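Chains as they are written, first to last, in the numbering used here: chain X, 1 to 312; chain P, 313 to 416.
Backbone N, C-alpha and C define an ideal beta-carbon position, used for all residues, glycine too.
Only a predicted model underlies this, so the values are computations on that prediction, with no experimental measurement involved.
Notes for the one structure printed next.
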């Protein structure tokens, strides 16, 4: 018979470092196993004991993660692959929820439950092109936690950036136009009290349909969307650079957050300026700035560690 | 901050309680401490506190030498270090000295 917590330990060993396993996971699981065994011996219901143990296990793991996140440097020798992948996903989910919350708050008693669900479904794709790259940036900072990524982890981050780029592209091609259009029609129909059909504007056109247009506002808007499509890479490189150079996690996180906010503000600002005649190449300025800053920070940290090794 | 802590290390109420419990016993494991504290320590937080105290050098730990009969994981036993004992004694003495001043 499998002992309680065996699967949990196998999962934890993939995520946690040796130190965390020895000091936190193993002692807690040992207690759960011993408590379960003694309850079974006394003829008590082991299941309740087990669930109480698991509850405190997850509470302790949550507390440990919270405390460890704000330590300047972890004691674990390497950054686990799971963390590099999981943190950006969590950050992206949180950011998406934060971004769709204000529009939902604007319609507190809006329509039926199905209409509200439709509203959420139309808002999510509109948020994704911004929250995917921003989530990747913040998640990478969270995962690296003030450490210079190894080559393997840098490649993982770049692979994630590539996946994010494809996801953002598909959102801009299909998700955002459909979401925007449905959102406008939903609101208009609700206000008019009858089904309303609206002609799609520039924001309701996908990348391929925008490419067919030749009028300057559409061309410039298309360039901005393409720049946004490739934002994940520069933001991920920037996150790696910040993590490599800034030792304190809270400072690195604040810088990452500032970079993401600046990127989002710049995107909206550039959209307006591009429509008013700014050259289309300007759309790529935020990407170039973030990429160059990230690479410079990584190079500087590599030189610094090289010098330290030389001194040793 | 690190320099100030080196001069006068802080001992939280929970840490003092754990050191007090460990001082009286030979060695204890996490759930034993929870049971002995009479509800002052929670099983969800005790190991996080113990880990932090070990990092600070207040306590030391090792795995129990014999594995359980059912073949489960061996438990981790904790005991106070000399530094931890000194710190608890100093902290208790200081509290005793300051308490009448506050009560007066």
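Is it a yes or a no for the segment 118-137 of chain X touching the segment 175-190 of chain X, going by three-plus beta-carbon pairs under 8 Å? Touching, yes, given that three or more Cβ pairs across the two stretches are closer than 8 Å.
Looking at the C-beta of residue 396 of chain P, does it have a partner C-beta in chain X at a distance below 8 Å? The count along the second chain starts at 1 and reaches residue 396 of chain P at position 84. Taking CB atoms only, residue 396 of chain P has no neighbour in chain X less than 8 Å away.
With residue 373 of chain P as the anchor, note down where its beta strand (DSSP E) starts and where it stops. Numbered from its first residue, the second chain carries residue 373 of chain P at position 61. Looking at the DSSP string, the run of the beta strand (DSSP E) that includes residue 373 of chain P is 371-375.
Counting Cβ pairs closer than 8 Å, one from the segment 180-187 of chain X and one from the segment 153-166 of chain X, do we hit at least three? Result no; under three Cβ-Cβ pairs closer than 8 Å.
Just curious, the alpha helix (DSSP H) that residue 121 of chain X is in, first and last residue? Position 121 of the first chain, counted from the start, is the residue given in the question as residue 121 of chain X. Where residue 121 of chain X is concerned, the enclosing alpha helix (DSSP H) starts and stops at 113-144.
Determine the burial state of residue 268 of chain X: buried for a count of at least 16 other Cβ atoms within 10 Å of its Cβ, exposed for fewer. Numbered from 1 along the first chain, position 268 holds the residue referred to as residue 268 of chain X. Counting C-beta atoms within 10 angstroms of its own C-beta, residue 268 of chain X has fewer than 16 neighbours from the protein chains shown and is therefore classed as exposed.
Which runs of the beta strand (DSSP E) spanning at least 3 residues fall entirely within the segment 328-404 of chain P, listed in chain order? Listed in chain order, the complete beta strand (DSSP E) runs (minimum 3 residues) inside the segment 328-404 of chain P are 371-375, 388-392.
Roughly how many angstroms separate the alpha carbons of residue 56 of chain X and residue 107 of chain X, rounded to a whole number? Indexing the first chain from 1 puts residue 56 of chain X at position 56. Indexing the first chain from 1 puts residue 107 of chain X at position 107. Cα to Cα, residue 56 of chain X sits roughly 39 Å from residue 107 of chain X.
Alpha carbons only, please: which of X/241, X/202, X/234 is nearest the one belonging to residue 222 of chain X? Taking the first chain and counting its residues from 1, one reaches residue 222 of chain X at position 222. Taking each of X/241, X/202, X/234 in turn and checking the Cα distance to residue 222 of chain X, the smallest one comes out for X/202.
Alpha carbon to alpha carbon, how far is residue 32 of chain X from residue 53 of chain X? Give it in angstroms, no decimals. As a working note, residue 53 of chain X is residue 53 in the first chain. As a working note, residue 32 of chain X is residue 32 in the first chain. Straight-line spacing of the CA atoms in residue 53 of chain X and residue 32 of chain X works out to 6 Å.
Touch test, the segment 209-220 of chain X against the segment 257-265 of chain X, Cβ-Cβ under 8 Å, three pairs minimum: Touching, no.
Given a threshold of 16 other Cβ atoms within 10 Å of its Cβ, counted over all protein chains shown, does residue 180 of chain X qualify as buried or as exposed? As a position in the first chain, residue 180 of chain X is number 180, starting the count at 1. The residue in question, residue 180 of chain X, is buried, as its Cβ has 16 or more Cβ neighbours within 10 Å.
Under 7 Å between beta-carbons, which chain P residues line up against residue 64 of chain X? List them in chain order, please. Position 64 of the first chain holds residue 64 of chain X. Within 7 Å Cβ-Cβ: 360.
Taking only the alpha-carbon atoms, compute the straight-line gap between residue 370 of chain P and residue 104 of chain X and give it to the nearest angstrom. Translated into positions along the second chain, residue 370 of chain P becomes position 58. Translated into positions along the first chain, residue 104 of chain X becomes position 104. Roughly 51 Å separates the two Cα atoms.
Can you list, in chain order, the residues of its chain whose CB lies under 7 Å from that of residue 146 of chain X, leaving out five sequence neighbours each side? Within the first chain, the letter at position 146 stands for residue 146 of chain X. Here the set comprises 72, 73, 243, 246, 247, 248, 249, 252.
My output table needs one value for residue 287 of chain X: the three-state DSSP class, helix, strand or coil. For this step, residue 287 of chain X is matched to residue 287 along the first chain. In the structure shown, residue 287 of chain X falls within a helical segment according to DSSP collapsed to helix, strand and coil.
State yes or no: is the beta carbon of residue 366 of chain P nearer than 8 Å to at least one beta carbon in chain X? In the second chain, counting from the first residue as 1, residue 366 of chain P sits at position 54. When Cβ-Cβ separations below 8 Å define contact, residue 366 of chain P makes contact with chain X.
Cβ of residue 59 of chain X within 8 Å of any chain P Cβ: Position 59 of the first chain, counted from the start, is the residue given in the question as residue 59 of chain X. Yes, residue 59 of chain X counts as interfacial toward chain P.
Against residue 56 of chain X, what residues of chain P qualify as contacts under a CB-to-CB distance less than 7 Å, listed in chain order? One-based indexing of the first chain puts residue 56 of chain X at position 56. Ordered by position in chain P, the residues that pass the 7 Å Cβ test against residue 56 of chain X are 355, 356.
Quick one: which chain P residues come within Cβ less than 8 Å of residue 28 of chain X? Along the first chain, one-based indexing puts residue 28 of chain X at 28. Within chain P, 342, 359 have C-beta atoms less than 8 Å from the C-beta of residue 28 of chain X, given in sequence order.
State the Cα-Cα distance for the pair residue 322 of chain P and residue 292 of chain X, rounded to the nearest angstrom. By 1-based counting over the second chain, the position of residue 322 of chain P is 10. By 1-based counting over the first chain, the position of residue 292 of chain X is 292. Cα to Cα, the separation comes out at about 44 Å.
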